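Working notes, structure below.
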Amino acid sequence: MTDIKDLITDNIDLWTSAIKKRNSQGRGSSKKIQLTGIKKLRKLILELAVRGKLVPQYNNDESVTVLLDKIAAEKTQLIVDKKLKKQKPLLAITNEEKPFEIPTSWNFKRFGDVMFNRDGERKPVSAAERKGIQGKYDYYGASGVIDQVNGFLFDKSLLLIGEDGANLISRSTPIAFLAHGKYWVNNHAHVLDGITTQFLEFIALHINAISLEDYITGTAQPKMNQAKMNSIVVAIPPEAEQHRIVAKVDKLMALCDQLEQQTEQSLIAHQTLVEVLLAALTNSENADDFQISWQRIAEHFDVLFTTEHSIEQLKQTILQLAVMGKLVPQNPSDEPASALLEKIAEEKAQLIADKKIKKQKPIPVITGDEKLFELPNGWVSCSLAELIPQFQNGASSRGDSDGKDIIVLRLADIKNWQVSFVDTRSIAISEKSSERYTLEKGDVLIIRVNGSADIVGRFITCHQKYDAIYCDHFIRMRFPIKCFSSSYLSLLGSSSLIRERIADLFVSTAGQKTVNQTHIGSLSVTLPPIAEQHRIVAKVDELMALCEQLNARLSDAQTTQLHLADAVVENALN
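Residue numbers (this note's numbering): 286 to 859.
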């Protein structure tokens, strides 16, 4: 007999530290992580329960055959009273079908032999009746409780089992529901009754503990029909032991709830601590403050950066420090950025004189109150529009009727915020259009439209001249006078300085978020000397490589924890 309490307490660190990133697809919790260890522990508790390994067996318990005889007699009477349809005899259970060993006082039975199917009692309810009571009752379907009433009304404790096989196999919520009180049930769930509510509770527990994949029919649209459901093999203990099992499971699940809550609170506290310590770096007023803040982090580095979120926060802090001038020392011999602004102003005046650009309204000067932080010597803060960027929206996907094929870059060709030519598409474009949408080294593609706020407004740097054009999901930004290292501009665009401002600017329409050329031109940026930009990029590359090493170590540790949790579970079941 496995001592489940010792199994939990002796491996408490394992259950709470086995964590993995949650798949972002599909419905369900919005949490970004899954407490896999505790999830496995819950599953283990259920499996031990239905194998007779959770509570002791007592010789003075009434034999399980007494309960089975009561069930058979009740079923016969319900058939006589025409409350149940007579079903065909189910096949005897073979040794090969028995999924695991059970105590000698238990008995394997077919699901259909011990349950009373209430599906036949379903009676349609009129639209007027539904409207009158909608919202007053829970509604159950194949995916659990949902928010639409269009089925059949029942008014007692019953067991509901989802019929849709795809949901049964893939979703993480329970596949059997013990429903109490008045509720509606659609035709995607089986409705079942039992000899007692306590028996229904045990059967619900049992169904949630086993895999139902062997009882699923169909591939394109998997289902668990009534015949397959009735053939499920269940292990039945004496009635008194069922009571002890259900009570024990409830107690242990409550303990899992506590573990889950404590773990989540610990993760939140850890996350808050990391954010506070990193914020102290970016908010430091001078070199001494910065050094003190960094020392606090350095002393506890190994325990601070132990989650994907904390490492991501570290990456964002590195970017923020980079664009604030706090990542590398300044060199007094560097040509100051103000000299660049003077050259750009002269170029702008000449372009206006040559009528190549229109004279613009004066751009408001960024005042001290508007500056987010104190800039280092040699740096300037300005709007992108002051650097006279040339903008060009991308080509229509329709192309030109008289053109020749050329690669057109789409959002699908952006991988990790870099241009990828792994799986490109081509469209026919005229020579004139091709010249209009060229991509030179140093050009920046800005994602103009997307459904995700994290994607819109991202800067994608062209590190070389591309034999390709770009689609109208992008805006090309090009500077007539080199004022940015293309790599520095790329990390600037990924920093919170730009990302937070973009989030305030984009327009949302029909689920799509959009930025335009005016939005981009209004962005306030930090402009360091060109030489310092190169030093910043080199330091960022070095530190990001260290972050990737942290991520790799974390991934290895998480994989090990998950394997250990699996091993403990397997050992307990064997």
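Beta carbons: idealized from backbone N, C-alpha and C, even for Gly. Note that the structure is a prediction, hence the values are computed from the model and not measured.
> Taking the beta strand (DSSP E) that S793 falls in, what are its first and last residues?
Replying inline: Start at 1 with the first residue of the sequence shown, and residue 793 comes out as number 508. Element bounds for S793: 792–794.
> Can we say the region 528–535 touches the region 556–568, given the rule of at least three CB pairs closer than 8 Å?
Replying inline: By the Cβ criterion, the region 528–535 is not in contact with the region 556–568, since fewer than three pairs of Cβ atoms, one from each stretch, lie closer than 8 Å.
> Roughly how many angstroms separate the alpha carbons of S771 and K328, rounded to a whole number?
Replying inline: Indexing the sequence shown from 1 puts residue 771 at position 486. Indexing the sequence shown from 1 puts residue 328 at position 43. About 52 Å.
>> Going by C-alpha to C-alpha distance, which of S686, Y722, F791 sits closest to M762?
In response: To locate residue 762, count along the sequence shown from 1; it is residue 477. Scanning S686, Y722, F791 for the CA closest to the CA of M762 turns up Y722.
> Taking all protein chains shown into account, do 16 or more other C-beta atoms lie within 10 angstroms of the C-beta of E584, making it buried, or fewer, making it exposed?
Replying inline: Position 299 of the sequence shown holds residue 584. Under a 10 Å Cβ-count criterion, E584 is classified as exposed, with fewer than 16 other Cβ atoms of the shown protein chains found around its own Cβ.
> Is it true that the region 662–675 meets the region 686–700, where meeting means three or more beta-carbon pairs spaced less than 8 Å apart?
Replying inline: Taking 8 Å as the limit for Cβ pairs, the verdict is that the region 686–700 does not touch the region 662–675.
> Which residue comes first and which comes last in the alpha helix (DSSP H) that contains N493?
Replying inline: Position 208 of the sequence shown, counting from 1, holds the residue named residue 493. From DSSP, the alpha helix (DSSP H) with N493 extends over 482–494.
> With which residues is R743 paired in a DSSP beta bridge?
Replying inline: Mapped onto the sequence shown, residue 743 falls at position 458. Answer by DSSP bridge pairing: none, since R743 is not bridged.
>> For D432 and L352, what's the separation of their Cα atoms in angstroms?
In response: Within the sequence shown, numbered from 1, the residue matching residue 432 stands at position 147. Within the sequence shown, numbered from 1, the residue matching residue 352 stands at position 67. With a pLDDT of only 40 at D432, under the threshold of 50, the placement of this residue in the model should not be trusted, and no figure is reported.
> Could you check where the alpha helix (DSSP H) with Y500 kicks off and where it finishes?
Replying inline: Locating residue 500 in the sequence shown gives position 215, where the first residue counts as 1. For Y500, there is no enclosing alpha helix (DSSP H), as DSSP marks it with neither H nor E.
>> Suppose you measure from the CA of T361 to the CA of F396; what does that come to, to the nearest Å?
In response: What you label residue 361 is simply residue 76 of the sequence shown in a count that begins at 1. What you label residue 396 is simply residue 111 of the sequence shown in a count that begins at 1. Distance between T361 and F396, taken at the CA atoms: about 16 Å.
>> Which of the three DSSP states is assigned to N515 in this structure?
In response: The residue you call residue 515 lines up with position 230 of the sequence shown. Looking at N515 - three-state DSSP - the assignment turns out to be helix.
>> In the DSSP assignment, the alpha helix (DSSP H) including Q576 goes from what residue to what residue?
In response: Locating residue 576 in the sequence shown gives position 291, where the first residue counts as 1. Q576: member of the alpha helix (DSSP H) spanning 572–584, first to last residue.
> What does a CB cutoff of less than 8 Å around L812 pick up in its chain, not counting 5 residues either side in sequence?
Replying inline: Indexing the sequence shown from 1 puts residue 812 at position 527. Here the set comprises A622, L625, L626, W664, V665, S666, C667, L672, C768, F769.
> So what's F590 in DSSP terms, helix, strand or just coil?
Replying inline: By one-based count along the sequence shown, residue 590 stands at place 305. Three-state result, F590: coil.
> In three-state DSSP terms, what is K324?
Replying inline: Residue numbering aside, residue 324 sits at position 39 when the sequence shown is read from its first letter. Here K324 carries a helix assignment [DSSP, helix/strand/coil].
> How long is the line joining the alpha carbons of K394 and H473, rounded to whole angstroms?
Replying inline: One-based indexing of the sequence shown puts residue 394 at position 109. One-based indexing of the sequence shown puts residue 473 at position 188. When rounded, the distance between both Cα atoms is 25 Å.
> Using DSSP with H/G/I as helix, E/B as strand and the rest coil, what is A427?
Replying inline: Taking the first residue of the sequence shown as position 1, residue 427 is located at position 142. Any answer about A427 is weak, because its pLDDT of 48 lies below 50 and its placement is not dependable; what the coordinates show is given next. Coil, per DSSP.
> In terms of alpha-carbon separation, which member of I446, T481, E631 lies closest to H475?
Replying inline: Locating residue 475 in the sequence shown gives position 190, where the first residue counts as 1. Minimum Cα distance to H475 is reached at I446.
> Since S668 is in the beta strand (DSSP E), which residue starts that stretch and which ends it?
Replying inline: In the sequence shown, the residue the question calls residue 668 occupies position 383. Under the DSSP assignment, S668 falls in the beta strand (DSSP E) whose first and last residues are 665–668.
> Between the C-alpha atoms of D354 and S390, what's the straight-line distance to the nearest angstrom?
Replying inline: Counted from its first residue, the sequence shown places residue 354 at position 69. Counted from its first residue, the sequence shown places residue 390 at position 105. Straight-line measurement puts the Cα of S390 at about 15 Å from the Cα of D354.
> DSSP state of Y722, grouped into three classes?
Replying inline: Residue mapping note: residue 722 aligns to position 437 of the sequence shown, counting from 1. The answer is coil: DSSP assigns Y722 none of H, G, I, E or B.
>> Quick test of the definition: if touching needs 3 or more C-beta pairs under 8 Å, does the region 611–619 touch the region 817–829?
In response: The region 611–619 vs the region 817–829: in contact.
> In the structure shown, what three-state DSSP assignment does L444 receive?
Replying inline: Within the sequence shown, numbered from 1, the residue matching residue 444 stands at position 159. Strand at L444.
> Rounded to whole angstroms, how far is the Cβ of T799 from the Cβ of R733, which I believe are closer than 8 Å?
Replying inline: Taking the first residue of the sequence shown as position 1, residue 799 is located at position 514. Taking the first residue of the sequence shown as position 1, residue 733 is located at position 448. About 6 Å; that satisfies the 8 Å criterion.
> Helix or strand or just coil, what does DSSP make of E659?
Replying inline: Position 374 of the sequence shown, counted from the start, is the residue given in the question as residue 659. Of the three classes helix, strand and coil, the one that applies to E659 here is coil, per DSSP.
> Can you give the Cα-Cα distance for L369 and I480, rounded to whole angstroms?
Replying inline: As a working mapping, residue 369 is identified with position 84 in the sequence shown. As a working mapping, residue 480 is identified with position 195 in the sequence shown. L369 and I480: Cα-Cα distance of roughly 14 Å.
>> Tell me the residue span of the alpha helix (DSSP H) that contains K536.
In response: Within the sequence shown, the letter at position 251 stands for residue 536. From DSSP, the alpha helix (DSSP H) with K536 extends over 524–567.
> DSSP state of I691, grouped into three classes?
Replying inline: As a first step, residue 691 must be located in the sequence shown, where it is residue number 406. I691: strand per DSSP, three-state reduction.
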